[in-house]
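Protein chains: 10
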Amino acid sequence: MSIPNITETLLNAKKNKGLSFADLEKILGRDEVWIASVFYRQASASDEEAKLLVEALGLEPIYIQELTGYPVKGLGPVVPTDPLIYRFYEIMQVYGFPLKEIIQEKFGDGIMSAIDFTLDVEKEADPKGDRVKITMSGKFLPYKKW
Amino acid sequence: MSIPNITETLLNAKKNKGLSFADLEKILGRDEVWIASVFYRQASASDEEAKLLVEALGLEPIYIQELTGYPVKGLGPVVPTDPLIYRFYEIMQVYGFPLKEIIQEKFGDGIMSAIDFTLDVEKEADPKGDRVKITMSGKFLPYKKW
Amino acid sequence: MSIPNITETLLNAKKNKGLSFADLEKILGRDEVWIASVFYRQASASDEEAKLLVEALGLEPIYIQELTGYPVKGLGPVVPTDPLIYRFYEIMQVYGFPLKEIIQEKFGDGIMSAIDFTLDVEKEADPKGDRVKITMSGKFLPYKKW
Amino acid sequence: MSIPNITETLLNAKKNKGLSFADLEKILGRDEVWIASVFYRQASASDEEAKLLVEALGLEPIYIQELTGYPVKGLGPVVPTDPLIYRFYEIMQVYGFPLKEIIQEKFGDGIMSAIDFTLDVEKEADPKGDRVKITMSGKFLPYKKW
Amino acid sequence: MSIPNITETLLNAKKNKGLSFADLEKILGRDEVWIASVFYRQASASDEEAKLLVEALGLEPIYIQELTGYPVKGLGPVVPTDPLIYRFYEIMQVYGFPLKEIIQEKFGDGIMSAIDFTLDVEKEADPKGDRVKITMSGKFLPYKKW
Amino acid sequence: MSIPNITETLLNAKKNKGLSFADLEKILGRDEVWIASVFYRQASASDEEAKLLVEALGLEPIYIQELTGYPVKGLGPVVPTDPLIYRFYEIMQVYGFPLKEIIQEKFGDGIMSAIDFTLDVEKEADPKGDRVKITMSGKFLPYKKW
Amino acid sequence: MSIPNITETLLNAKKNKGLSFADLEKILGRDEVWIASVFYRQASASDEEAKLLVEALGLEPIYIQELTGYPVKGLGPVVPTDPLIYRFYEIMQVYGFPLKEIIQEKFGDGIMSAIDFTLDVEKEADPKGDRVKITMSGKFLPYKKW
Amino acid sequence: MSIPNITETLLNAKKNKGLSFADLEKILGRDEVWIASVFYRQASASDEEAKLLVEALGLEPIYIQELTGYPVKGLGPVVPTDPLIYRFYEIMQVYGFPLKEIIQEKFGDGIMSAIDFTLDVEKEADPKGDRVKITMSGKFLPYKKW
Amino acid sequence: MSIPNITETLLNAKKNKGLSFADLEKILGRDEVWIASVFYRQASASDEEAKLLVEALGLEPIYIQELTGYPVKGLGPVVPTDPLIYRFYEIMQVYGFPLKEIIQEKFGDGIMSAIDFTLDVEKEADPKGDRVKITMSGKFLPYKKW
Amino acid sequence: MSIPNITETLLNAKKNKGLSFADLEKILGRDEVWIASVFYRQASASDEEAKLLVEALGLEPIYIQELTGYPVKGLGPVVPTDPLIYRFYEIMQVYGFPLKEIIQEKFGDGIMSAIDFTLDVEKEADPKGDRVKITMSGKFLPYKKW
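Those protein sequence lines, which keep their order, are chains A, B, C, D, E, F, G, H, I and J.
Everything in the first sequence is counted per my numbering, starting at 13 for the first residue and increasing by one.
Everything in the second sequence is counted per my numbering, starting at 13 for the first residue and increasing by one.
Everything in the third sequence is counted per my numbering, starting at 13 for the first residue and increasing by one.
Everything in the fourth sequence is counted per my numbering, starting at 13 for the first residue and increasing by one.
Everything in the fifth sequence is counted per my numbering, starting at 13 for the first residue and increasing by one.
Everything in the sixth sequence is counted per my numbering, starting at 13 for the first residue and increasing by one.
Everything in the seventh sequence is counted per my numbering, starting at 13 for the first residue and increasing by one.
Everything in the eighth sequence is counted per my numbering, starting at 13 for the first residue and increasing by one.
Everything in the ninth sequence is counted per my numbering, starting at 13 for the first residue and increasing by one.
Everything in the tenth sequence is counted per my numbering, starting at 13 for the first residue and increasing by one.
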């Protein structure tokens, strides 16, 4: 997988329009992380959402169709090399088993869904240095027995 | 890397004592996720914390020294096969670039620290099915120029 | 990951008792595939199920605790070398994209759950050679937008 | 391997014609999953089938030759990153050994063919959420001794 | 996967008995390559074959059960390092596509079965140096359409 | 490595001329498998052979030079995904050690050459289904001591 | 990841201008290693820095925007093949654990930041052969407990 | 490669003696990083050095022989998972090409030796947080032409 | 890494001029292996050498600059598939540890430099078949202690 | 593959006897590199050679049988981490294609055998630092056409 061509087009248009993802959040009524996922073709927009987005960015309607298709998901190498993205790999490597232990204790045998799932990013002001706050909320899915 | 021998000892002792990680949270005054990380030797306890933990679990003091050592971190294969842990890999694959986009827009060029970092798990009751809520808070570290 | 020690104990006990998985299906009231998953520690039994299983196999009650724990899942190498198991990898390689196309057309953007999921194996008599019939049923999970 | 250029041409033509794979199933007299496999060049059509398909999609006859060639099969990375396709990898990782156990008990030492093989997808309405039902039928091939 | 413990036991017993695989071929009425596959637990013997083999090697009957089990198949690393075995990997790398071309031209879209399959090794005397002659015979399996 | 551009040119020309590899075998006086290897640039033709081939296919003489060059050999991914080619990988995985055992017993410590090597494919009619017969003949090379 | 197109443009312009990185260090007031990182799009310049750089190299202002963007970082294969770069991989392989031991003894459980980090290269004259002196300075980040 | 057994013995003895690597530096007259490399069997001690070390740690002379042997070097997985060690991998990924550019500009085509090489770690007090200072000094080796 | 474009240009020019590497050895006063390394951009020529080479091959002076640049080195996949090149990988796999043993016994703990290094190829006539003689000469570099 | 247990036994016995490989060369009448290959179970000794070796090392005759068996060859990871052995990997990466070019020009399409092959190591005194001289001699094997 590599970054789709449309991503650069969208990011450039957004830069030229001087829009932030927070601005787009207001226009689309969707969270900025989800909108960034549409930019990278990791989420599919409805016709309505795609139209709003394309208009906001001043792009031709021709892009609407691509944004509403169901993309092949997953980007980048097996182990990411970008330091920002790698930190999430590291969290999975270091805290994966502890998280499994805690989630199982609270919920039983199952998983946190990455599909019925939301993801938010907030900036927390802190005198010792601002903090990135990430909130994930995924439906617990218990293993079905049959 | 493979799961350390001490992990099974600690988990069995905890089971026999009928203690939850939430119980240990009260005893140690540390978050349950962090305590689970100590169980898996992904975090190092102070002498005081190790002593409290070993006592609570009814284990011999001999384990204190190991729990205070600085462990080699990172567990499991390059791509995890356990479905619960894999979902965090999937989140990194699918949402890694969107997260990078949003964090950079809010903070500039840099990363969310995975060291000056906390991680919490909560159970959110939901009539459509309970949800796992995970909150990460990491200090933003801007790239230094020199 | 490697095959757990308990798996061989269970398989040998089953062989010595002359029991088939179909026999165990009747005893436990669970599907034989699910029971085989418990043997390989890919599924966790309830206390009741573990007790029934251990008794049926003539094993000591000491195994009950292990069978009710929540296992680390996923077995074998990244690409399986066993020809029977490899064929499922091949099906994923050859028919993965076509399946994605059909599922998305029928359901929209989302996945078939591998957690809220059942799996059955049947033997279909056929004059040209018996056939293996595998039926998977997984809940469709649409991508949540937020 | 990467997705062939012809795939996009076929998918776009299908979209423009407003045809579903179910529609094509009626036109070609072949299962929709098999037809999707032809789209992704994982199966080869007969001249007759290719002609029917190309006509239905309103494409030039020039594509017929490519669709009847015997393709190099297998798509995507060693471990798929797309969540929908990954779930089939996960099923193989988690249930591969249990499936091997059950198939061998029922049939003896051998495999389920992935060549003399059919694959169907159905939508099962369910009040708790629709389900994806996948049915595989492969000829059992016993290991030949010599 | 690694070489099973029983393999060394069998090979040592064979050495001590001064038997060649050709000798065992006469005793079991099976080809020597197939018998060597049983030694490496890549093929499963019938009770009768296992009994004959164990007796010929002067081993305890306790090994019969293991030899009749259905083994997990596939040995060695992803790319073999042993020069003799590597040459077969090299043949697949260099001649794989040409073989595909020829087999498809002669038979159509399908594969040579590696299950309904026999494998023979002969020594061909040659004044310029003896030659290894390997004969593979596998049933052609055409892709089923559905 | 990926399939060379010239391969498609040669295969298309062959198709347009309605020639089989067996036809080319008669024209060049070389085995069809070897000729297919030239098509995939895994073997180098002499000037004479290249000229005969290019003429038979009705191509410009410009291709002669490329066909006589010494190619970089080896095609496809580390583990092949095409089912037909994969079966040769599987044979190496499953029967590699047994083959090593038999060859060493017959010849001593050494290898079967993949260079001083021939490879033939025949179609064997069989009422239970035609069979692919592959014959490899490679010079035995004993390890030199020094 | 592969080397960005802009890198070659910048390196060629620098060559044509006859400038060394040390010259650019004086012009930008930034260390030459950091400037080389900007060339390879591993660091992002401010508008001011990008303008100075583009002017010094005699390039069009159009490149300024790209140089100020936040790049995807990390270049080259998993294990580098270039001998100069490999030596840093080798240092990590050979001295990684000793470094961990020493840093932990001096600082406690934590890491040396690769973000709040500087890197200098000096040439040390030495009669037995000049030496490369590399100085890294990274903020120590202690693991946060929570 | 995995961490040698002797490493744990040496680290435990050092802990029990209450010695730091800085203490050992004074006793052996060698840098603490080099001594830590001996602990991890990445460097070989002279008889004299091994004797001093074993005596200082209160261990039996039996360990001297092992410490003077020439070890197989390189520890840990292809991409390290321990966060402290990973940062050196990240530095190589992010700054490898810039370092190559600077070293080549200063020295010509060649490498920094990782053999004729020294490595020092210092603690730099800093009001904004202490810093880890690492100094590498490797002989420049120009590519020989012949 | 992939083979640079300039390599094909140089090889074609050499072919058209009817020059062997031995001819170029006489013209440049450098060994033919080194010159072939320049062709593949694994070694950098001086201005003088590049000029001589470009003239001998009848190419435009524009190529001189590229040939004098310091290339990124290392070609081909992690494990080579070309049989000729693979044999050097095999020699490293099979004889790597024995070579380490002998070199260390003769020289102590250290390495043979691959930088201060020469490589020659000779053809040795032999009635049983000509032999390839390869001579490597690399400076021994003892591990520095500090 | 990992280093066989017998290797350590042989190396320790050799150390205790105060023998060098050069001494063993005189005793066995075989080259020291070949003898080191026997130590690492990469070459098989004759009964006579094994007997001489075992006697010279003062070991029990029980080891003779193991040393005359035909070993599984190839040691260490896919990419070696030991710096001495890695340099041979690097030579293959950097000089593999140039060597292919030169060998093909001198000999035609074929390979240098790694089986009908000898390998010698010499110490060359040099005032600028002693040099390791490695001489490989392998029979040229031309590709057979058929």
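Built from N, CA and C at the ideal position, the CB exists for glycine as well.
Everything numeric in this text was worked out from a predicted model, so none of it was measured.
8 Å contact criterion, which tyrosine 107 of chain I and glutamine 54 of chain J should meet: CB distance rounded: 7 Å
4 or more residues per run - each alpha helix (DSSP H) lying fully within the stretch 77-139 of chain E: 95-119
Option in H:Val91, H:Val66 and H:Glu44 with minimal Cα separation from leucine 22 of chain H: H:Val66
Near-chain C residues of the stretch 88-102 of chain E - C-beta to any C-beta below 9 Å: Gly88 and Val90
Where isoleucine 74 of chain E falls: helix, strand or coil (DSSP): coil
Cutoff 6 Å; reference alanine 34 of chain G; Cβ partners in own chain excluding five residues on either side: Glu44
7 Å CB neighbourhood of lysine 63 of chain J in its chain, flanking five on each side removed: Ile76
Bounding residues of the alpha helix (DSSP H) (the contiguous stretch that carries isoleucine 146 of chain E): Looking at the DSSP string, isoleucine 146 of chain E is not in any alpha helix (DSSP H); the run it does join, the beta strand (DSSP E), is 143-154.
Contact set for glutamate 37 of chain A: own chain, Cβ-Cβ below 7 Å, skip 5 residues either direction: Asp43, Glu44 and Ile47
C-beta contact flag for tryptophan 158 of chain G and threonine 130 of chain B at 8 Å: yes
Residue burial classification, glycine 86 of chain F (beta-carbon count within 10 angstroms, cutoff 16): buried
Interface partners of leucine 111 of chain C on chain D, CB under 8 Å: Val45, Ala48, Leu96, Ile97, Phe100, Leu131, Val133 and Ile146
C-alpha gap between glutamate 20 of chain I and lysine 27 of chain I, whole angstroms: 10 Å
Alpha carbon of glutamate 136 of chain H to alpha carbon of lysine 151 of chain G, nearest angstrom: 9 Å
Closest Cα partner of threonine 93 of chain B within the set C:Val84, C:Ala57, C:Asp94 and C:Ile18: C:Val84
Proximity of leucine 71 of chain B and alanine 57 of chain B at Cβ, strictly below 8 Å: no
Best match in A:Val90, A:Val50 and A:Lys118 for proximity to lysine 145 of chain B [C-alpha to C-alpha]: A:Lys118
Supposed close pair proline 95 of chain I, alanine 126 of chain F - CB separation, criterion 8 Å: 7 Å
Cutoff 8 Å: isoleucine 18 of chain H Cβ touching any chain G Cβ: no
CA nearest to the CA of glycine 30 of chain D, picked from D:Gly41, D:Pro16 and D:Ala68: D:Ala68
Proximity test, Cβ basis, 8 Å: glutamine 116 of chain G and chain J: no
Among F:Asn24, F:Glu60 and F:Ile114, nearest to isoleucine 39 of chain F - alpha-carbon criterion: F:Glu60
Chain-ordered chain H contacts of valine 84 of chain B [CB-CB under 7 Å]: Asp94
Through-space distance from proline 154 of chain B to lysine 140 of chain A, alpha-carbon basis: 13 Å
Minimum Cβ-Cβ distance from isoleucine 39 of chain F to chain E less than 8 Å: no
C-beta neighbour in chain F for glutamine 105 of chain C, strict 8 Å: yes
Assigned secondary structure, aspartate 59 of chain H (DSSP; H/G/I helix, E/B strand, else coil): helix
Segment limits, alpha helix (DSSP H) that includes tryptophan 46 of chain G: 44-51
Beta-carbon gap between isoleucine 123 of chain I and arginine 99 of chain J smaller than 8 Å: yes
Distance, tyrosine 101 of chain C Cα to aspartate 121 of chain A Cα: 25 Å
Exposed unless 16 or more other CB atoms sit within 10 angstroms - verdict on serine 149 of chain C: buried
Below-8 Å beta-carbon distance, tyrosine 75 of chain D vs any chain C residue: no
Cβ distance (whole Å) where aspartate 128 of chain B is taken to contact lysine 156 of chain G below 8 Å: 5 Å
Beta-carbon separation (whole angstroms), valine 133 of chain H vs isoleucine 115 of chain G, contact threshold 8 Å: 6 Å
CB contact check: arginine 42 of chain H to chain G, cutoff 8 Å: no
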